[in-house]
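Chains A and H are the protein sequences, given in the same order.
Heads up, the first sequence is in my numbering, so the first residue is 10 and it goes up one at a time.
Heads up, the second sequence is in my numbering, so the first residue is 10 and it goes up one at a time.
Here the structure is laid out as structure tokens; the discussion comes afterwards.
There are 2 protein chains.
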Amino acid sequence: MKNYQVVRDISRLLVRKLGLLRKNDAVCCGVSVAQCYSLTEIGRREGVTLNELAEVLNLDKSTMSRSVEGLVSRGLVLRQEIADNRRTVNITLTEQGKTACVKIEQVTDEYFKNIMKAIPDEKRSLVVEAMQLLGKAIEKQKLCCSNEKINEVIL
Amino acid sequence: MKNYQVVRDISRLLVRKLGLLRKNDAVCCGVSVAQCYSLTEIGRREGVTLNELAEVLNLDKSTMSRSVEGLVSRGLVLRQEIADNRRTVNITLTEQGKTACVKIEQVTDEYFKNIMKAIPDEKRSLVVEAMQLLGKAIEKQKLCCSNEKINEVIL
DNA sequence: AACAATTGTTGCAATATGCAACAATTGCGT
DNA sequence: ACGCAATTGTTGCATATTGCAACAATTGTT
């Protein structure tokens, strides 16, 4: 197996184990996977723009807008106007949203903690170092098959 | 940062870069992300059962059934009966399906090759070794938040 | 032979999707 | 200051996808 295929396999494995192909509306805390990601991202940044969120999650801004609307109607998220710019919107977590975020963090962290536990002690730091290198490498890459519209129909 | 968070970050990064939250119907070769995964999995196994496919991709069998139906109607996939069992279905690729698979492999491999290229030469084998360890560790884990129905509504 | 378990397909209502069009606002060039 | 382009976010819209539940068909078990 080629070395890049090892990375690809990890990717496939994560997709499977994390149920990323699902669009379930109740994965954790009564919200979908995509909404979990939204909540986490909003929480980490303490306020985001809709565009920023769409970009980070690699979603269309219309999709993002509606997704946020869903979170607002659940009382998890707040859409606030910014004083110095009446065009953009500042998206923040409500108290309920923060609670949800904590819960999501717990569930997710638990999962990844178990993964680390399953790695032999003496190999753990090696894995961490490698993952940091990998992270940097991935960050340098463009988005894959996203906005480039590779719609070539097969002959 | 805790060591498990490094792995989690990689996961988030992949979700973002690979556009896994998208349910775009035309990511590559005119099929969606989920369908790309289906095609790849069917191709790798040279014939799968619907249930197997649903399990591997962590999707409901009804969803899987319809997704396969979509691939059949596009002429990419074949649903065949098995001689010794008239209940199960054997799903295989058509010639067009194989062509699509090759294309998908190319696009995906290209992406992961670039990631490896972005890793310093002397560190590459380290990363590969670590990824193999990580892969084994992830395989040992259960599915995350999938069928367990953690539908606890937040207070 | 009777009954349980498995496999895959639909009915169904709800939701999500992205593109395009749009209004509101801001920035830029002159 | 004025006009025009660019940005930001929201909707209309048609389509696609989701999972649960119910179902028929088949297979396994006792």
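Positions of the beta carbon are idealized from the N, C-alpha and C atoms, including for glycine.
Keep in mind the model is a prediction, meaning the values are calculated, not measured.
| task | Please check if any C-beta of chain A sits within less than 8 Å of the C-beta of H/A63. | result | No, no contact with chain A.
| request: Could you work out which residues of chain H lie near A/K32, taking near to mean beta carbons separated by less than 7 Å? | output: Per Cβ cutoff of 7 Å: K32.
| said: Give me the residue from A/R83, A/E61, A/G56 with the minimum Cα distance to A/E90. | reply: Looking at the Cα atoms, A/G56 is the closest of the given residues.
| said: So with CB distances below 7 Å, who are the chain H contacts of A/M43? | reply: The residue you asked about is not Met; residue 43 of chain A is Ala in the sequence shown. Those are L30, listed as they occur along chain H.
| request: Thinking A/A127 and H/K149 are a contact (beta carbons under 8 Å), I'd like their distance in whole angstroms, please. | output: 5 Å between Cβ atoms; contact.
| task | Could you check the C-alpha separation between A/R88 and A/Q14 for me, to the nearest Å? | result | Cα-Cα distance, rounded: 42 Å.
| Proximity to A/I147 [Cα-Cα], best of H/F121, H/D130, H/G144 | Minimum Cα distance to A/I147 is reached at H/F121.
| With distances taken from CA atoms, which of A/S82, A/D130, A/E78, A/C38 is nearest A/Q115? | Looking at the Cα atoms, A/C38 is the closest of the given residues.
| query | Can you give the beta carbon distance from H/G106 to H/L48, rounded, assuming they're within the 8 Å contact cut? | reply | Contact check for H/G106 and H/L48: beta-carbon distance about 6 Å, within the 8 Å limit, so the pair qualifies.
| request: Indicate whether A/I100 and A/V65 have their beta-carbon atoms separated by less than 8 Å. | output: No, they are not a contact pair.
| message | Please list, in chain order, the chain A residues whose beta carbon lies closer than 8 Å to that of H/N123. | response | Those within 8 Å of H/N123 in chain A are Q150.
| task | Taking H/Q141 as the query, report the chain A residues whose CB atoms sit under 8 Å from its CB, ordered along the chain. | result | H/Q141 reaches chain A at V15, counting residues in chain order whose Cβ is nearer than 8 Å.
| query | What are the start and end residues of the alpha helix (DSSP H) that includes H/Q141? | reply | 130-149 is the span of the alpha helix (DSSP H), which, as asked, contains H/Q141.
| Relative to the alpha-carbon of H/L102, which residue among H/T72, H/L143, H/C45 has its alpha-carbon at the smallest distance? | When H/T72, H/L143, H/C45 are compared, the shortest CA-CA separation from H/L102 is found for H/C45.
| message | With DSSP as the reference, identify every bridge partner of H/V57, one or two as the case may be. | response | In the DSSP assignment, H/V57 forms a beta bridge with H/I100.
| said: So, with DSSP's three-state summary, where would you put A/L80? | reply: A/L80: helix per DSSP, three-state reduction.
| Residues that DSSP places opposite A/E90 in a beta bridge | Partner(s): A/V98.
| What residues in its chain sit with their C-beta under 7 Å from that of A/S74, if we drop five residues either side in the sequence? | Once the five neighbours on either side are set aside, the close Cβ partners of A/S74 are L59.
| said: Looking at the secondary structure, which residues open and close the alpha helix (DSSP H) in which A/D18 lies? | reply: Run containing A/D18: 12-26, per the alpha helix (DSSP H) assignment.
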